[in-house]
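Undergrad: My structure is below; once you've seen it, I'll send some questions.
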Amino acid sequence: MTEDKSIVSAPFRPKLEAVRDEDPRDRGGNRQPLLIVNQLRKYFPIRGGIFNHRRGEVRAVDSVSFSVLKGETLGIVGESGCGKSTLARLLMHLIPCDTGEQIFDGEAVGELRGLSLRELRRNMQMVFQDSSSSLNPRLPVEQSIAYGPRVHGMARAEAKAVARDLLDKVGLRPELFGSRYPHELSGGQKQRINIARALALNPRMLILDEAVSALDKSVQAQVLNLLRYLKRHLNLTYVFISHDLSVVQYISDRVLVMYLGEVVEIGPVDAIYTAPKHPYTAALLRSRLNLNPAERLAEAPLSGDPPNPINPPSGCRFRTRCNFAEAVCADRSPALGEHTNRSAHRAACHMVHADSGHSLSGRAASVEGAHGQRN
Amino acid sequence: MFNYIVRRVLFAIPIAIGVTIVCFSLVYLAPGDPLQLVLPPDATADDRAILATLYGFDKPIPVQYLNWLMRALCGDMGVSIQTSRPVFGEVIRALGNTVVISAGAVALAFTLAFILGTVAAYNLGKPADRIATAISVVGVSVPSYWLGIVLIIWFSVELGWLPATGLGPKGSAGFSFLHWEQARYAILPIVTMSFAPLGIIARNTRAAIADVLSQDFVQMLRAKGLGPLPVLRHAVRNALPQILAVMGLQFGYLVGGSILVETIFNWPGTGFLLGKAILTRDVPVLQGTILVLAISFVMTNLVVDLMQTAVDPRIKRS
Amino acid sequence: MTDVISTDAPALRHGLSAPDIKVRSYLQTVTHRLRHDPVTLFFLAVILIIALAAICAPWIAPFDPNKTGTLYRLKPIGFRGFILGTDELGRDMLSRLIYGARTSLVMGLTPVVLATVIGGTLGVTAGFHGGRVNMCIMRIVDVFYAFPSVLLAVAISGTMGGGIQNGLIALTLVFIPPLCRIAETTTTQVRSLDFVEAARASGASSASIIIHHVLANAAAPLFIYASSLISVAILLAAGLSFLGLGVEPPTADWGMMLSNLRQAIYVQPLVCALPGVAIFITSLSFNLVSDGLRQAMDVRA
Chain Y
6 MTEDKSIVSA
16 PFRPKLEAVR
26 DEDPRDRGGN
36 RQPLLIVNQL
46 RKYFPIRGGI
56 FNHRRGEVRA
66 VDSVSFSVLK
76 GETLGIVGES
86 GCGKSTLARL
96 LMHLIPCDTG
106 EQIFDGEAVG
116 ELRGLSLREL
126 RRNMQMVFQD
136 SSSSLNPRLP
146 VEQSIAYGPR
156 VHGMARAEAK
166 AVARDLLDKV
176 GLRPELFGSR
186 YPHELSGGQK
196 QRINIARALA
206 LNPRMLILDE
216 AVSALDKSVQ
226 AQVLNLLRYL
236 KRHLNLTYVF
246 ISHDLSVVQY
256 ISDRVLVMYL
266 GEVVEIGPVD
276 AIYTAPKHPY
286 TAALLRSRLN
296 LNPAERLAEA
306 PLSGDPPNPI
316 NPPSGCRFRT
326 RCNFAEAVCA
336 DRSPALGEHT
346 NRSAHRAACH
356 MVHADSGHSL
366 SGRAASVEGA
376 HGQRN
Chain B
404 MFNYIVRRVL
414 FAIPIAIGVT
424 IVCFSLVYLA
434 PGDPLQLVLP
444 PDATADDRAI
454 LATLYGFDKP
464 IPVQYLNWLM
474 RALCGDMGVS
484 IQTSRPVFGE
494 VIRALGNTVV
504 ISAGAVALAF
514 TLAFILGTVA
524 AYNLGKPADR
534 IATAISVVGV
544 SVPSYWLGIV
554 LIIWFSVELG
564 WLPATGLGPK
574 GSAGFSFLHW
584 EQARYAILPI
594 VTMSFAPLGI
604 IARNTRAAIA
614 DVLSQDFVQM
624 LRAKGLGPLP
634 VLRHAVRNAL
644 PQILAVMGLQ
654 FGYLVGGSIL
664 VETIFNWPGT
674 GFLLGKAILT
684 RDVPVLQGTI
694 LVLAISFVMT
704 NLVVDLMQTA
714 VDPRIKRS
Chain R
-18 MTDVISTDAP
-8 ALRHGLSAPD
2 IKVRSYLQTV
12 THRLRHDPVT
22 LFFLAVILII
32 ALAAICAPWI
42 APFDPNKTGT
52 LYRLKPIGFR
62 GFILGTDELG
72 RDMLSRLIYG
82 ARTSLVMGLT
92 PVVLATVIGG
102 TLGVTAGFHG
112 GRVNMCIMRI
122 VDVFYAFPSV
132 LLAVAISGTM
142 GGGIQNGLIA
152 LTLVFIPPLC
162 RIAETTTTQV
172 RSLDFVEAAR
182 ASGASSASII
192 IHHVLANAAA
202 PLFIYASSLI
212 SVAILLAAGL
222 SFLGLGVEPP
232 TADWGMMLSN
242 LRQAIYVQPL
252 VCALPGVAIF
262 ITSLSFNLVS
272 DGLRQAMDVR
282 A
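Chains as they are written, first to last, in this note's numbering: chain Y, 6 to 380; chain B, 404 to 721; chain R, -18 to 282.
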């Protein structure tokens, strides 16, 4: 790699250490999921009326359970309002959950004998969407990055050195970019700063909430590649939240699909994208813009409006927009099934489970197949 | 909508109660014994005790407060130590006089400020705008008491056109704008009082109209071929709620803060009453005036808020 | 300043060195804007002159401000060495005006400074913690906000008996509510921004977040508003003195001078108007400078 003296930002082949197989902080080995989330729930109260009393609640996240395996990238997709961002903040404990438990590498979070919040924050960090407010406009970016380590007791000079090292790692020359203010940086550069800031505490897991959504496509590609590179070299695990299906497909190993606060499908990325089991996932995928004129859609893949999260439909929440809805879908809410296995592909749909009472249950391997069964 | 009104009114009640508490406790800030003024110099301790019971000073403070509040709500605010006349009547009469000049001042200020602000908004950055802004800043920086004196010097002393002080040749017996002989006494006070609101309303008008003019729908109107006057009407209609709110607030400020101007012109309004009460340490009048002024300010704010909701469709009515 | 994909054209690389990108800090931007604003600079100079005159009063005042002279009562401008005439007790106007600047500046600046500190602290606390704390603090502030400022100042000062100390207390109490409100509003806004969440996510304590992240962003609007209150404070303070609720005679004070000279407007109108001119100029200068400061500090422009 020749030393590049071009005027624009440094080429991004950051100097990194060799790939490490063993993380000294690891407990429990590769089989143990890095993060287990159990029955996480968050309802937001709605106040109104003369006395501002609790009139109802928005079921933002409703009994969500999943696991994140070590070294993988778990993508979380869903439409706006499905609860993805709330979920991210619940995981980071930025908002308190109503019920639910989190287990990080075998230790319960928040319990007396488990991991304290402070310790959790050294292990799990979040990369925010690049907005005008993701970085303190009054601090040079160097100081924004160094803030985390300083909070945990590092000396000023040492924290600054860490910050400069991280700037280098994300492909920005420290001498050139360290003392700049956020308003003097482009979107892609700011997002790299966000990543650097998240890495400053040396976490094992990063939660990326719409981290590339605000960037142009070409810049998105760069940042995604940077993320993949960093993950390999720093032994990271990612939870990647986005509404952009193509981006999630590119970067994820497994994908989790959310609808109206619940998990509707989870599985390996290829399985989900080629043979989705849940009608909602299938509809989402069909609604992606396709550049191939031969594959035109005759009608919109998804009908109707998303229902009200304050009063979700009984039973399966998707049934009001589902082409395969039957009586049993209104009676019982379908379960997701066990899914800690890396290759498990589960969907919360009555059609998938045998003896669920649905006419098509167990007979179709995927939704496309179900279409075939019908006609 | 109804919900909002009820909630807003209910919200104003604790504030009003808080205001009454502050008014009541002001008296206790006063150094010395409030009774000293009423007692003759050779009063004995017994005399003092009797008077204390009479005025209710021997009861615990919260009880005194409640008694005072109950009586005030029924219109009984005690009797003036100076004039031995009922406080409530005096304050209400004075309030009427104050409202006369305050309303006049706001009306005058609004007329001029509106023109000034609109001209400025249409000529942003150009000399007309700078002049208008300069006038606003001057209006806000001028001490009203000095301005009053200057106006008296010019129009009464030097030119002799207008009377310097007072309410009218017949005193405060009856004031009405219909008689020029009396009305001319109000001119100087009104002009003096109008400077500060002029500055503030002009600034707000300029901001509000400039804001509306910069919005896309105005470009669309112009593209449709609408002439300048209809566009102005649209702009005014959109900016009006904000401007009216400022006007209402200014009116409230003038009524509450009229003491300076009224002292200069000997205008017998609430401010004048307040000033006299401070000098003579007439506690019942002091309390009564402050209470009435403060409560009317709270009510003015409430009315302005509700009016804005009614006029501005964008404010959420839930 | 766009990112460049690795496969960039070779032409961009040759012979070009990193340009001198001058990174201007925020402070430098503000100073640069101020330096090119003639109006603000002019009135800043006026303020400095007034301040200097106040500080150096004992050395530059031509006469003793308290020395009365019954022979020279209410003499016009320029009479026998009295550059600006004399007042109703024969004292030199210019000297009294210069000494009066001291009182006016102190009575104008002190309440604003105190109110900024107290109101700012209350507001930031209320804004940052939200919930009950916020409600508690802001409701009490609302009660005081429900009084028109002149009324409140006169009421507090009047019932306490007047005098400089009571005047200062009254004015401070008058200015705390608006400053507290501004601090609370900006703090609430800043608190919900992403970088504050990021700071919380890194495990920082509330105090650390407030100091390093919230204050820097909330302080600017607070100080700008406070600077615009100085001119109001000067007017109000002089107004209190005008009503007799300020300093005790014979201390020179513009408001009280105006009040005392009121009777004499028929004799010597020009001289009687002078203290008001002083108040007006001072208030105007502070107003314009604070306006200019606000424009210079506007981050968006």
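Glycine included, every Cβ here is placed at the ideal spot set by N, Cα and C.
#1: May I ask you to report which of helix, strand or coil DSSP gives residue 77 of chain Y?
#2: Tell me which same chain residues have a C-beta within less than 8 Å of the C-beta of residue 309 of chain Y, skipping the five on either side of it?
#3: State the start and end residues of the unbroken beta strand (DSSP E) segment that holds residue 124 of chain Y.
#4: Rank Y:91, Y:183 and Y:163 by C-alpha distance to the C-alpha of residue 103 of chain Y and give the top, closest one.
#5: Can we say the region 491 to 511 of chain B touches the region 645 to 664 of chain B, given the rule of at least three CB pairs closer than 8 Å?
#6: Does the region 31 to 43 of chain Y come within contact of the region 68 to 85 of chain Y, defined as at least 3 CB pairs closer than 8 Å?
#7: Count the other C-beta atoms from every protein chain shown that fall within 10 angstroms of the C-beta of residue 477 of chain B, then say buried if there are 16 or more, exposed otherwise.
#8: Would you give the residue range spanned by the alpha helix (DSSP H) that residue 493 of chain B belongs to?
#9: So, is the C-beta of residue 120 of chain R closer than 8 Å to a C-beta in chain Y?
#10: By the three-class DSSP mapping on this structure, what secondary structure does residue 52 of chain Y have?
#11: Would residue 198 of chain R pass as an interface residue toward chain D - the criterion being a Cβ-Cβ separation below 8 Å?
#12: Could you name the residues of the region 172 to 185 of chain R whose beta carbon sits closer than 9 Å to any beta carbon of chain Y, in the order they occur along the chain?
#13: Which first and last residues belong to the alpha helix (DSSP H) in which residue 336 of chain Y is found?
#14: Alpha carbon to alpha carbon, what distance is there between residue 255 of chain Y and residue 268 of chain Y?
#15: Is residue 189 of chain R close to chain Y? Criterion is C-beta to C-beta, closer than 8 Å.
#16: Compare the C-alpha of residue 592 of chain B against each of B:672, B:645 and B:515 and name the closest.
#17: Between residue 88 of chain Y and residue 66 of chain Y, which are expected to be in contact by the criterion C-beta below 8 Å, what is the C-beta distance as a whole number of angstroms?
#18: Distance, Cα to Cα, residue 464 of chain B vs residue 420 of chain B?
#19: Please go through the same chain and pick out, in chain order, the residues whose beta-carbon is closer than 7 Å to the beta-carbon of residue 238 of chain R, but skip the five residues on each side of it.
#20: State the DSSP-derived secondary structure class of residue 270 of chain Y, mapped to helix, strand or coil.
#21: Taking 8 Å as the threshold (beta carbon to beta carbon), is residue 613 of chain B in contact with chain R?
#22: Whose CA, out of Y:116, Y:49, Y:76 and Y:32, lies closest to the CA of residue 241 of chain Y?
#23: With a cut-off of 8 Å on the beta carbons, I'd call residue 552 of chain B and residue 667 of chain B a contact; round off their distance for me.
#24: Examine the Cβ distances between the region 198 to 211 of chain R and the region 167 to 180 of chain Y and report whether three or more of them are shorter than 8 Å.
#25: Given that residue 243 of chain R touches chain B, what residues does it touch there, using C-beta distances under 8 Å?
#26: Quick check on this structure: which residue in B:590, B:548, B:605 and B:448 has the alpha carbon closest to the alpha carbon of residue 518 of chain B?
#27: Which residues, in order along the region 112 to 137 of chain R, keep a beta-carbon less than 8 Å from a beta-carbon of chain B?
#28: Of all Cβ atoms in chain Y, is any one closer than 8 Å to the Cβ of residue 194 of chain R?
#29: Can at least three beta-carbon pairs, one atom from the region 688 to 701 of chain B and one from the region 354 to 364 of chain Y, be found at a separation below 8 Å?
#30: Could you compute how far the alpha carbon of residue 197 of chain Y sits from the alpha carbon of residue 541 of chain B?
#31: What would DSSP say about residue 486 of chain B, mapped onto helix, strand or coil?
#32: Please check if any C-beta of chain R sits within less than 8 Å of the C-beta of residue 247 of chain Y.
#33: Per DSSP, which residues does residue 265 of chain Y bridge with? Please list them.
#34: Let me know the secondary structure DSSP gives residue 249 of chain R once reduced to three states.
#35: Would you mind telling me which residues of chain R sit closer than 8 Å to residue 4 of chain Y, beta carbon to beta carbon, in chain order?
#36: Anyone know if the C-beta pair for residue 184 of chain R and residue 155 of chain Y falls short of 8 Å?
TA: Reading from the atomic positions:
#1: Locating residue 77 of chain Y in the first sequence gives position 72, where the first residue counts as 1. Three-state DSSP puts residue 77 of chain Y in coil, outside helix and strand.
#2: For this step, residue 309 of chain Y is matched to residue 304 along the first sequence. Taken in chain order, the residues that qualify are 325 and 326.
#3: Taking the first residue of the first sequence as position 1, residue 124 of chain Y is located at position 119. Note, residue 124 of chain Y: premise wrong, no beta strand (DSSP E); alpha helix (DSSP H) at 122 to 128.
#4: Translated into positions along the first sequence, residue 103 of chain Y becomes position 98. Among Y:91, Y:183 and Y:163, the Cα nearest to that of residue 103 of chain Y is on Y:91.
#5: yes
#6: yes
#7: Taking the first residue of the second sequence as 1, we reach residue 477 of chain B at position 74. Classification of residue 477 of chain B: exposed, given that the 10 Å Cβ count is below 16.
#8: Counting from 1 along the second sequence, the entry for residue 493 of chain B is found at position 90. Segment 490 to 525, the alpha helix (DSSP H) holding residue 493 of chain B.
#9: Numbered from 1 along the third sequence, position 139 holds the residue referred to as residue 120 of chain R. For residue 120 of chain R, the answer is no, since every Cβ of chain Y falls outside 8 Å of its Cβ.
#10: Here residue 52 of chain Y corresponds to residue number 47 of the first sequence, with the count starting at 1. Strand at residue 52 of chain Y.
#11: Looking at the structure shown, chain D is missing, and the protein chains on hand are Y, B and R.
#12: 173, 174, 175, 176, 177, 178, 179, 180, 181, 182, 183, 184 and 185
#13: Here the question's residue 336 of chain Y lines up with position 331 in the first sequence. 332 to 336 is the span of the alpha helix (DSSP H), which, as asked, contains residue 336 of chain Y.
#14: Along the first sequence, one-based indexing puts residue 268 of chain Y at 263. Along the first sequence, one-based indexing puts residue 255 of chain Y at 250. Cα-Cα distance, rounded: 21 Å.
#15: If you number the third sequence from 1, residue 189 of chain R lands on position 208. Closer than 8 Å to some Cβ of chain Y, the Cβ of residue 189 of chain R qualifies, so yes.
#16: Start at 1 with the first residue of the second sequence, and residue 592 of chain B comes out as number 189. Of the candidates B:672, B:645 and B:515, the one whose C-alpha sits nearest the C-alpha of residue 592 of chain B is B:672.
#17: The count along the first sequence starts at 1 and reaches residue 88 of chain Y at position 83. The count along the first sequence starts at 1 and reaches residue 66 of chain Y at position 61. The pair is a contact, with the Cβ atoms about 5 Å apart (cut-off 8 Å).
#18: What you label residue 464 of chain B is simply residue 61 of the second sequence in a count that begins at 1. What you label residue 420 of chain B is simply residue 17 of the second sequence in a count that begins at 1. Roughly 16 Å between the two C-alpha positions.
#19: Indexing the third sequence from 1 puts residue 238 of chain R at position 257. Closer than 7 Å at the Cβ level, and outside the excluded window around residue 238 of chain R, lie 68, 77, 81 and 256.
#20: The residue you call residue 270 of chain Y lines up with position 265 of the first sequence. Reduced to three states, the DSSP call for residue 270 of chain Y is strand.
#21: As a first step, residue 613 of chain B is located in the second sequence; it is residue number 210 there, counting from the start. No, because no Cβ of chain R sits closer than 8 Å to the Cβ of residue 613 of chain B.
#22: As a first step, residue 241 of chain Y is located in the first sequence; it is residue number 236 there, counting from the start. Selected option, being the one with the closest Cα: Y:76.
#23: Taking the second sequence and counting its residues from 1, the one referred to as residue 552 of chain B is at position 149. Taking the second sequence and counting its residues from 1, the one referred to as residue 667 of chain B is at position 264. Rounded, the Cβ-Cβ distance is 6 Å, consistent with contact.
#24: no
#25: Residue numbering aside, residue 243 of chain R sits at position 262 when the third sequence is read from its first letter. Those are 552 and 667, listed as they occur along chain B.
#26: Within the second sequence, the letter at position 115 stands for residue 518 of chain B. For the residues B:590, B:548, B:605 and B:448, the minimum Cα distance to residue 518 of chain B belongs to B:605.
#27: 120, 121, 123, 124, 125, 127, 128, 129, 130, 131, 132, 135, 136 and 137
#28: Translated into positions along the third sequence, residue 194 of chain R becomes position 213. It does; some Cβ of chain Y falls within 8 Å.
#29: no
#30: By one-based count along the first sequence, residue 197 of chain Y stands at place 192. By one-based count along the second sequence, residue 541 of chain B stands at place 138. Answer to the nearest angstrom: the Cα atoms are 50 Å apart.
#31: Here residue 486 of chain B is taken as the residue at index 83 of the second sequence, counted from 1. Of the three classes helix, strand and coil, the one that applies to residue 486 of chain B here is coil, per DSSP.
#32: Counting from 1 along the first sequence, the entry for residue 247 of chain Y is found at position 242. Chain R contact via Cβ: absent.
#33: Position 260 of the first sequence, counted from the first residue, corresponds to residue 265 of chain Y. In DSSP, residue 265 of chain Y forms no bridge with anything.
#34: Position 268 of the third sequence, counted from the first residue, corresponds to residue 249 of chain R. If DSSP states are grouped into helix, strand and coil, residue 249 of chain R belongs with coil.
#35: What is shown of chain Y runs 6 to 380, which leaves residue 4 of chain Y out entirely.
#36: Locating residue 184 of chain R in the third sequence gives position 203, where the first residue counts as 1. Locating residue 155 of chain Y in the first sequence gives position 150, where the first residue counts as 1. Contact: no.
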